[in-house]
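The structure appears right after this line, and notes come after that.
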Amino acid sequence: MKIVKTKLNYANSYTLFDINTLAVGEVVLFDILIKKEDGYIIIIEAGTVLSENLYDKLKKQEGLYIAKKDEEKQILSCESLKYYIRHNKDNIQKRVQLLYDVNSQLFDIYLSNKDNKINLECVELIVKSIIYLIKYDEIFIRNTMPYFINENMLKNHSLHVAIYALTLGNALKFKDEQLLQLGTAALLHDVGFKKIDAAIINKETPLSPQENKLVQKHPLYSVEIIKQNHIHDPYIIDAVMHHHERYDGTGYPEGRTRKEISTFASILAICDVFDALTNSRPHRKHFTSFNALKMMMRDSEMINGFNQEYLHMALKLL
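The numbering used here applies: residue 291 is where the sequence shown begins, and numbers increase by one.
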């Protein structure tokens, strides 16, 4: 156990800490202190890996304390995500789980409130955390995909699409501001599904023509909702509105063709379909990454729908 002898006498600046909120193997994100006669002494410094031996020693202490300003770091949240990500950047499984957990918080709150309120600060923190990891780990996407959850859920699909899109955007040398725009559009591209009957979304048999028309309204609903949340960036709105457009004009909602489809929308279109194909559905099993991309490049119904340059880049990245 490392002891830092500096005494800290600001009694009102510290609060009791429950060691049971940590687990062996985690990185401690804050200084942990014990109380002495005339102040507090740091016994664990921020950034320390919590070994089993160290954990046992801490549990034997009568009282542990942390600075009140560090209280938010105890709980994984949107606000504390950046701390957890940076301190777990080399733990691939842990960092992926952190993204899932905070993204789940974001979408669970959004889906449960009647006002369609989206925590945009949380959206930004999630996107920036993904960007940070992509820039830190040269093979981030290859390391990350084995830990993806194979469930057809809005929150998971949205996170996957954001990760894929930002990986492509980074490979295309987008500036940080562009990556933030692209990642925001990717994370929110399907929020409009909230306005569609769940029975239609979860239907295991083919949709009727009328049901298909309802589903195809989700990009319009997504734009409506993000505008309601005061997002008016034209690049984000365009990408969300047109992520189902296809180069051959067979997409929706406007039937745009190659020259009419933006770079961001082209990237989202690929990432959206790729994630759908690599996740199981009630009527089929998932495809491997290679087979999904091959289908998107060669299938008669898809071959002319996507930006081929981006598809080949995705193949190299994966």
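Each residue gets a CB set at the ideal place from its N, CA and C atoms; glycine is no exception.
Would you mind reading off the limits of the beta strand (DSSP E) that contains residue i?
{"i": "Leu323", "result": "Ile322 to Lys326"}
{"i": "Tyr330", "result": "Gly329 to Ile334"}
Please report the distance separating the alpha-carbon of residue i from that of residue j.
{"i": "Glu428", "j": "Pro499", "result": "44 Å"}
{"i": "Lys295", "j": "Tyr355", "result": "A caution first: Lys295 carries a pLDDT of 41, below 50, which makes its placement in the model unreliable, though a value can still be read off. Their Cα atoms are separated by approximately 15 Å."}
{"i": "Leu472", "j": "Ala455", "result": "7 Å"}
{"i": "Leu396", "j": "Asp405", "result": "14 Å"}
{"i": "Leu366", "j": "Lys372", "result": "10 Å"}
{"i": "Ala452", "j": "Leu444", "result": "12 Å"}
{"i": "Arg574", "j": "Lys493", "result": "13 Å"}
{"i": "Phe580", "j": "Thr457", "result": "17 Å"}
{"i": "Asn502", "j": "Tyr511", "result": "15 Å"}
{"i": "Leu469", "j": "Arg536", "result": "22 Å"}
{"i": "Met603", "j": "Thr305", "result": "51 Å"}
{"i": "Lys606", "j": "Asn442", "result": "26 Å"}
Measuring alpha carbon to alpha carbon, tell me which of the options ends up nearest residue i.
{"i": "Leu504", "options": "Lys484, Gln518 and Ile516", "result": "Lys484"}
{"i": "Asn519", "options": "Ile490, Thr553, Tyr400 and Glu544", "result": "Tyr400"}
{"i": "Asp480", "options": "Ser552, Ile515, Pro524 and Met435", "result": "Ile515"}
{"i": "Ala336", "options": "Asp321, Leu389 and His532", "result": "Asp321"}
{"i": "Tyr374", "options": "Lys347, Glu342, Phe397 and Ser419", "result": "Ser419"}
{"i": "Ile334", "options": "Glu342, Val513 and Leu348", "result": "Leu348"}
{"i": "Glu369", "options": "Ala529, Leu388 and Lys379", "result": "Leu388"}
{"i": "Asn381", "options": "Phe580, Pro509 and Tyr437", "result": "Tyr437"}
{"i": "Asp391", "options": "Asn581, Asn446, Tyr426 and Glu414", "result": "Asn446"}
{"i": "Ile331", "options": "Val513, Gln351 and Asn460", "result": "Gln351"}
{"i": "Arg546", "options": "Phe564, Asn594 and Val513", "result": "Asn594"}
{"i": "Lys507", "options": "Glu361, His534 and Ile521", "result": "His534"}
{"i": "Asn343", "options": "Ala313, Glu361, Asp466 and Ser394", "result": "Ala313"}
{"i": "Val318", "options": "Ser402, Gly539 and Glu361", "result": "Glu361"}
Consult DSSP for residue i and reduce its assignment to one of helix, strand or coil.
{"i": "Arg546", "result": "coil"}
{"i": "Val417", "result": "helix"}
{"i": "Arg588", "result": "helix"}
{"i": "Thr305", "result": "strand"}
{"i": "Val318", "result": "coil"}
{"i": "Val294", "result": "Summary for Val294: the model assigns pLDDT 41, below 50, so the residue's position carries little reliability, and this model does not support an answer."}
Assuming residue i is part of the alpha helix (DSSP H), what are its boundary residues?
{"i": "Leu477", "result": "Asp466 to Leu478"}
{"i": "Glu494", "result": "Careful: Glu494 lies outside any alpha helix (DSSP H) and carries neither H nor E."}
{"i": "Leu605", "result": "Gln598 to Leu607"}
Quick one: is the Cβ of residue i within less than 7 Å of any heavy atom of the ligand HEM?
{"i": "Val317", "result": "Absent from the structure shown: the ligand HEM. Ligands present: none."}
Please specify which runs of the beta strand (DSSP E), each continuous and at least 3 residues long, are wholly inside the segment 426 to 452, giving them in chain order. none
Every unbroken alpha helix (DSSP H) inside the segment 330 to 388 [4 residues or more]: 342 to 349 and 371 to 377
My parser needs the alpha helix (DSSP H) runs of 4 or more residues fully inside the segment 503 to 561; what are they? 508 to 518 and 524 to 531
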